[in-house]
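Numbering (the numbering used here), first residue to last: 19 to 118.
Idealized CB from N, CA, C, for every residue including glycine.
Structure, as structure tokens:
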């Protein structure tokens with residue numbers, strides 16, 4: 019069996035914990051700017067239902083990567099699915115649909 023080189027000492031040192039990132043969501047300003055939203059990116063492989071984007075009022079089809087955002091103080095019923103481009107442009111245009 020061949021001998022392995024010993025690992026450098028730097029790889030044995032404990033590393034700082036890596037940020038979790040999108041696993042639990044990140045926070046961003048909401049569409050109005052006054053409210054904080056929790057934002058989660060949904061890859062196309064996990065998008066299995068059709069949703070309606072509040073930014074453009076068009077459908078988000080299954081297999082399309084998109085954003086799920088909800089007010090930080092809100093709950094499960096406050097989640098909205100946005101096209102990624104609509105979410106990025108949320109400060110430059112108004113919401114086309116409001117839910118009560």
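C-alpha gap between residue i and residue j, whole angstroms
i	j	result
residue 22	residue 50	58 Å
residue 40	residue 63	Any reading at residue 40 must be qualified, since the residue scores a pLDDT of 49, below 50, and its modelled position is unreliable; the value itself is stated next. Taking the straight line from one Cα to the other gives about 16 Å.
residue 84	residue 94	17 Å
residue 82	residue 108	19 Å
residue 106	residue 77	17 Å
residue 68	residue 80	6 Å
residue 43	residue 24	39 Å
residue 7	residue 96	Missing from the structure shown is residue 7; the chain here goes from 19 to 118 and no further.
Proximity of residue i and residue j at Cβ, strictly below 8 Å
i	j	result
residue 72	residue 98	yes
Endpoints, alpha helix (DSSP H) assigned at residue i
i	result
residue 106	102-106
First and last residue of the uninterrupted beta strand (DSSP E) at residue i
i	result
residue 47	44-47
residue 8	Past the boundaries of the shown model lies residue 8; the chain is included only from 19 to 118, so the question cannot be answered.
residue 86	84-89
* Is there contact here, the stretch 83-96 with the stretch 53-68, by at least three beta-carbon pairs under 8 Å? -> yes
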